[in-house]
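Novice: Same order as they appear, the protein sequences are chains A and B. Numbering-wise, the first sequence is residues 1 to 181 according to the working numbering. Numbering-wise, the second sequence is residues 1 to 181 according to the working numbering.
There are 2 protein chains.
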Amino acid sequence: MADLTAPAASDHKPASGERAGRTSEPIWDIIELLFFAYRDFVTEPDDVLAKFGFGRAHHRVLHFVNRNPGMKVAELLDILKITKQSLGRVLKQLVDQGYVVQKEGANDRRQRLLYVTAKGESLAMKLAGLQTARVAHALAELGPNAHEAARRFLVTLIDPDNRDGVLRFIARADRARRQRS
Amino acid sequence: MADLTAPAASDHKPASGERAGRTSEPIWDIIELLFFAYRDFVTEPDDVLAKFGFGRAHHRVLHFVNRNPGMKVAELLDILKITKQSLGRVLKQLVDQGYVVQKEGANDRRQRLLYVTAKGESLAMKLAGLQTARVAHALAELGPNAHEAARRFLVTLIDPDNRDGVLRFIARADRARRQRS
DNA sequence: CAGTTAGGTCAGCCATGTTGACATATTTCG
DNA sequence: CGAAATATGTCAACATGGCTGACCTAACTG
Chain A
1 MADLTAPAAS DHKPASGERA GRTSEPIWDI IELLFFAYRD FVTEPDDVLA KFGFGRAHHR
61 VLHFVNRNPG MKVAELLDIL KITKQSLGRV LKQLVDQGYV VQKEGANDRR QRLLYVTAKG
121 ESLAMKLAGL QTARVAHALA ELGPNAHEAA RRFLVTLIDP DNRDGVLRFI ARADRARRQR
181 S
Chain B
1 MADLTAPAAS DHKPASGERA GRTSEPIWDI IELLFFAYRD FVTEPDDVLA KFGFGRAHHR
61 VLHFVNRNPG MKVAELLDIL KITKQSLGRV LKQLVDQGYV VQKEGANDRR QRLLYVTAKG
121 ESLAMKLAGL QTARVAHALA ELGPNAHEAA RRFLVTLIDP DNRDGVLRFI ARADRARRQR
181 S
């Protein structure tokens, strides 16, 4: 690790005076570390999911429904940024196999609000546990403000357009979960 | 942002006394922000690649070959963690269309060392520029030590087994690039 | 009542991952 | 030297999870 941090930190040409990042040297390390980190971040869940006959797409649906019980299909589509046909395929499997249920909306009966079953929650929490263990291990290795630093970094990486929506989603899910527990 | 950071920071139960992260509350925010950040991190490149008739798989190959000219096919497979059949498909297209060339190894004539052409470097740098602009913008919004903090966070997310190899790769590529420029 | 909205579905296509088997050239080693 | 290991390529078949386009029902809204 020491091998890398020293040269890369000293190596970095100051960004000042470079317009729009157009001519500047690429920030290779972060670009590549994002690839490697994300790659390793999803492999453990993938392995577990494979035993259930599920894939990464199922994981995403299950995760967000578990986090936001009663969410609308349209909200989920907006988060995942996929078509309803793609969602429909995996959602149908999750429903058929008893991981997710859909309930008619109370106000708007066109809506099919999404909820995880006990079985679904169990799997969602198992997968979240794997990823949490990895993140917790990383944050523990770093300083006490690492969580805050990581969050801020990741947030600013998100498209400014989506940013507020993402933060609202997370805040809302946190609130709801706090009330239930 | 303030809406999120305050509750999430105060909300976090201390990890002490929880064995193996098994029973602890998942670290929802980082898990989800990684998803959203990565999702947005790849969309711009994806859009550019689509105009060339390429996909994300081509991007990865082009990126790593550009970063490490003369790398062996086996090294690339190890980085991407895909099968040689999967690699072969996209690599063939990149070679056929003049973005990558393969040269016989000087020492070991079985090797087909990989190099980008001028055309390939141009596209690779264009894509790296997009991602760099995003990262640079994020780091500029945060403090001066944000780059270091982000790097350390991402590194510790990587599997400990791969970690050294990844860091060696990045350091080697940095050295090589420094010599060329 | 007409139009919009929420959601579902069928059919087909594409990109990119997989396994398994096999081929060829080259290097390495007993 | 010759056998085995290595680096790479390739064929065939399959799975996952994106996509487009077309079309449907039920329910809400003005």
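Heads up, the beta-carbon is just placed ideally off N, CA and C, and yes, glycines get one too.
Would you kindly report the start and end of the unbroken beta strand (DSSP E) that includes A/Y99?
Specialist: Note, A/Y99: premise wrong, no beta strand (DSSP E); not H, not E.
Novice: Quick check: B/V48 and A/I27, are their CB atoms within less than 7 Å of each other?
Specialist: no
Novice: Looking at chain B, is there any beta carbon in it that lies within less than 7 Å of the beta carbon of A/E141?
Specialist: yes
Novice: Just the C-alpha distance for A/R168 and A/D174, rounded to the nearest angstrom, thanks.
Specialist: 10 Å
Novice: For B/I170 versus A/E32, is the C-beta distance shorter than 7 Å?
Specialist: yes
Novice: Straight-line CA distance for B/R151 to A/R56?
Specialist: 26 Å
Novice: For A/L142, which three-state DSSP category applies?
Specialist: coil
Novice: Are the CB atoms of A/G105 and A/L113 within a distance shorter than 7 Å?
Specialist: yes
Novice: Thinking just about the alpha-carbon of each residue, which of A/L127, A/L157 and A/L139 is nearest to the one in A/A50?
Specialist: A/L127
Novice: So, B/V186 versus A/F36, is the Cβ gap smaller than 7 Å?
Specialist: Because residue 186 of chain B is not part of the residues shown, which for chain B are 1 to 181, the question remains open.
Novice: Along the beta strand (DSSP E) that carries B/R112, what are the first and last residues, could you check?
Specialist: R112 to V116
Novice: Hey, quick one: how far does the alpha helix (DSSP H) through B/P45 stretch, first residue to last?
Specialist: For B/P45, the uninterrupted alpha helix (DSSP H) run begins and ends at W28 to K51, by DSSP.
Novice: Can you look up A/E104 in the DSSP assignment and give me helix, strand or coil?
Specialist: strand
Novice: Distance check for A/E148 and B/H147, CA to CA, integer angstroms please.
Specialist: C-alpha separation (whole angstroms): 14 Å.
Novice: For chain A, find out if any of its Cβ atoms is closer than 7 Å to the Cβ of B/D78; answer yes or no.
Specialist: no
Novice: I want to see whether chain A comes within less than 7 Å of B/V166, judged by CB atoms only; does it?
Specialist: yes
Novice: Let me see if you follow: with CB-CB separation under 7 Å, is B/T83 close to chain A or not?
Specialist: no
Novice: Going along chain A in order, which residues have a C-beta closer than 9 Å to the C-beta of B/P144?
Specialist: Under the 9 Å cutoff, chain A gives no residues; its nearest Cβ is about 11 Å from B/P144.
Novice: Out of curiosity, what's the CA-to-CA distance linking A/I30 and B/V100?
Specialist: 24 Å
Novice: Quick one: list the residues of chain A neighbouring B/P26, beta-carbon separation under 8 Å, in chain order.
Specialist: M125, A128, G129, Q131 and T132
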